[in-house]
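So that you can map any letter, position 733 of the sequence shown is 1663 in this note's numbering, and since no number is skipped, the others follow by simple counting. Using N, Cα and C, we set each Cβ at its ideal position, and we do this for glycine too.
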Amino acid sequence: MDDPLFDQLTDAQREAVAHVDGPLLILAGPGSGKTRVVTHRIAHLLQLGTPATRILALTFTNKAAQEMKSRVELLAPGKPVWMSTFHRFCARMLREYASLVGLDPNFTIYDASDSHNALKHTIEDMEFDPGHFSLQQIAGGISWAKNNLIRPAEYEPRPGSVLGAIVHRVYPKYEAKLLQSSAVDFDDLLLHVAALLKDNPEVRGMLDARYRYIMVDEYQDTNLAQYAIVRALSIDVPNLAVTGDPDQSIYGWRGASLRNILEFEHDYPDVHVVRLEQNYRSTKRILRVADYLIAHNRRRKEKTLFTENDEGQPVRLRIYPTQQHEAEGIATRIASEILAGRRRPRDFAIFYRVNALSRAIETSLASHGIPYQMVRGVEFFQRKEIKDVIGYLTLLANPRDDEAFLRIINTPVRGIGRSTLERLRAYAATKRKPLLEAARESGLVADLPKKAAVSVARFVALYDRLSLLAAEPVEEILGHVLAESSYQETLERSDSEDDQERLANIEELLTAAREFDERTPGEGHLEEFLEDVCLVNETDTWDAVSDRVTLMTLHASKGLEFPVVFIAAMEEGLIPHERSREKPDQLEEERRLLFVGITRAEEELELSQASYREFRGQRKMTVPSQFLMQLPPEEIEKSQANWGPGVVRHYDEPVPDESHHQGEAWEEPEWREPSPVSAPAAAAPTAAPLAVRLTTAAELAGDAASASPDIFHQGMVVRHPEYGLGKIIALGGSQGQRKATVAFATAGQRTFVLNKSPLKPVK
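Here it is as structure tokens:
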């Protein structure tokens, strides 16, 4: 085919890219270039004259969607195709058709902790005792129903199921509470859209026509709701192309159905199937190990992976006495490779099954001065201080959100206690009003002391002042929230190290808001920012450019690749997880998870096991993972770490009796002296110390005409030649339009364009 778009493609890739009309199934093994195929196919459709608005590409992570956008932009500049995660696509559809499912367009998306609180308050309002069943178990039952497209009125408990009977009673009330607050949980995003398409044929037909070509990446990870949505959008125009690999289906625990990809040919009998079996990532040895392991699974589609890469080194298996030795062994090897100049820190990744296993590894890396990053992106937005501040923004965007109201009305402390809130909630329930509206009538609430009513009224007044700013850039709104609520001042006055860390985290949130504003210039984007925050993925904060070792779970590693990969804790109960015991389907998923981890390695792979491990407060002798017995022995280089540093013994040599070494320490290797390895160790400085250094630089500049806009930060004290001392309470804009709102003791609030203002930072 004489087309530059096809020049760098293999025959199988060309076949997939050239397919235009009709269903397409691309079975893509790991490292087989499926992102290249998806993006080139989109570019080919655009080249044929298909309008960009007629193409929809869905995937599972924000990073994958952004990567596809970037590549398509290079191949077909100026033709923005909608590439999105499933949940973000559904959120946008619901904003467009909110009224059809009983929501307002400004609805709130609840994350797991918000949903937990809403469920807790639902059960409290019902005055219902769920017995020995936890909120988590009830939430799991509701989530299962939603993922299986069972709405509250359709839910029927299984005969004899006590938990099912509780879910049957609570589910309708919980859903009613969400609708009352104009809120949805993660599962609702999918359920509401699936229901919207089912109940409104005209809307379904219109969307089917709107998206003439639909592409779904990682199709093996779709659940029933996602399957129903894609199916409904591909009835009239069945140009559905799905890409996936049954051997990489690792999300059954959250509802993903392997059947969706295994039975795609049954759903679409005239489907065209393309197999991408050439691996461009890993060495031959790594690929053979992965292939040998996954062949033990029964529920899969046969494929033969091959590569033209080098043979490579054997896969290493190291046995350590304890997890401390394991962590030290991994850190020692990484440090020696860096010191020798053979590798950079970013070349290494360390995977584990659960986050709790990272502590010993972090400690050893830090002791060697090795820079590292933890991929736990979601956790930043679960910190209390971040949830608090986001709570203010949420209530500004959606005044009906009772959970946001309850979170912030006494944060920071305003003297509004539990009894006040209970009376307010009772009044709101009687009047069938959102809590914010009830708070406006605090003087009418029975038995509410006058002092408490005044405190509630002051909060409402604060809310009303902030609501006037709801259309401003997000960074500016955040600044006013922090200043006028006294949240930032409360932390600044504290001598607690924890509070100073919280302050640094809030500054990071301000940075995130500024970056968002730069990506989406203009006003009125608050809901979009909150959507970004709620729909963050675990790998969204992973920095691929930073020169640091990456630590992450096996689940988070999906879609990534590294020259050198370590997989720790190859032990029964961890890999495979204890939940999979005596459950063949779950055991197969655990094997697929290890397969995913192995195939992230490009050049070197090292597996490790500790003979003894402290986990969940107990020190136990471990049992080697059964998966180790399912690897090709001729490809594995086995060795056993002795109790001393850096001593490696052959695998079949006897292990020293533990009792002889109880007091023996793992000594520091001789090379561990101050070295260049510490130089790249410093991660990007946080906003606070960076601002301090820049402020000092500005002071040294003395009488310079104006300080750089980038040195100013939230809460900074500044001097104006006419108004005197003031404090920055909000920042907004970027580059030449960077603005600061300053509160002066004598002149009130003034706003300045920073690169034109005479403001000076004050130490």
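query, result
"Same chain, Cβ closer than 8 Å to residue 1679, neighbours up to 5 away in sequence not counted", "1659, 1671, 1672 and 1673"
"Residue 1569 to residue 1050 span [Cα, whole Å]", "51 Å"
"Reduced DSSP category for residue 1205 - H, G, I as helix; E, B as strand; rest coil", "strand"
"Helix, strand or coil at residue 1500 [DSSP, three-state]", "coil"
"Of the listed residues 1457, 1405, 1416 and 1426, nearest to residue 1442 (C-alpha basis)", "1405"
"Spatial neighbours of residue 1393 in its chain, beta-carbon cut-off 6 Å, leaving aside the 5 residues before and after", "none"
"Simplified DSSP state of residue 1281, which is helix, strand or coil", "strand"
"Segment contact flag, the region 1136-1152 with the region 1183-1203, C-beta cutoff 8 Å, min 3 pairs", "yes"
"Beta-carbon spacing of residue 1571, residue 1202 below 8 Å", "no"
"Opposing strand residues paired with residue 1012 [DSSP bridges]", "986"
"Residue 1222 beta carbon near the ligand MG (any heavy atom closer than 7 Å)", "No copy of the ligand MG appears in this structure; indeed no ligand is present at all."
"Residue 1215 - partner residues in DSSP beta bridges", "DSSP, once it has assigned bridges, lists no residue as partnering residue 1215."
"Proximity winner among 949, 963 and 954, relative to residue 940 (alpha-carbon distances)", "963"
"Beta-bridge partners of residue 1537, as assigned by DSSP", "1247 and 1497"
"The region 1038-1052 / the region 1106-1122 touching (three or more Cβ pairs under 8 Å)", "yes"
"Residue-level contact to chain D via CB, residue 960, 8 Å cutoff", "This model lacks chain D altogether, as it is built from one protein chain only."
"Cβ neighbours of residue 1667 in the same chain (closer than 7 Å, five flanking residues each side left out)", "1683"
"Distance between residue 1540 and residue 1566 (C-alpha atoms, nearest Å)", "17 Å"
"At least 3 beta-carbon pairs within less than 8 Å: the region 988-1006 vs the region 1288-1295", "no"
"Stretch pair the region 1450-1461 + the region 1334-1341: three plus CB contacts closer than 8 Å", "no"
"Residue 935 - containing alpha helix (DSSP H), residue span", "Taken as a continuous stretch (DSSP letters only), residue 935 belongs to no alpha helix (DSSP H), as it is neither H nor E."
"Assigned secondary structure, residue 1348 (DSSP; H/G/I helix, E/B strand, else coil)", "helix"
"Beta carbon of residue 1528 nearer than 8 Å to that of residue 1206", "no"
"Residue 1405 - DSSP class collapsed to helix/strand/coil", "helix"
"Bounding residues of the beta strand (DSSP E) (the contiguous stretch that carries residue 1662)", "1654-1662"
"Segment limits, alpha helix (DSSP H) that includes residue 1105", "1092-1110"
"Beta bridge counterpart(s) of residue 1144 as assigned by DSSP", "986 and 1170"
"Top-ranked residue by Cα proximity to residue 1676, from 1352, 1434, 1657 and 1663", "1657"
"Within 8 Å, strictly: CB atoms of residue 1525 and residue 1280", "no"
"Exposure of residue 1058, with buried meaning 16 or more beta-carbon neighbours within 10 Å", "exposed"
"Sequence-distant residues of its chain with Cβ nearer than 7 Å to residue 1264 (five each side left out)", "1278, 1300 and 1479"
"Start and end residues, beta strand (DSSP E) containing residue 1647", "1647-1650"
"Unbroken alpha helix (DSSP H) run spanning residue 1311, endpoints", "Premise fails: residue 1311 is in no alpha helix (DSSP H) and is neither H nor E."
"Extent of the continuous beta strand (DSSP E) to which residue 1157 belongs", "Counting along the chain, residue 1157 falls outside any beta strand (DSSP E), though it belongs to the alpha helix (DSSP H) covering 1154-1162."
"For residue 1302 and residue 1481, believed in contact at Cβ under 8 Å, the rounded distance", "6 Å"
"Unbroken beta strand (DSSP E) run spanning residue 1683, endpoints", "1678-1683"
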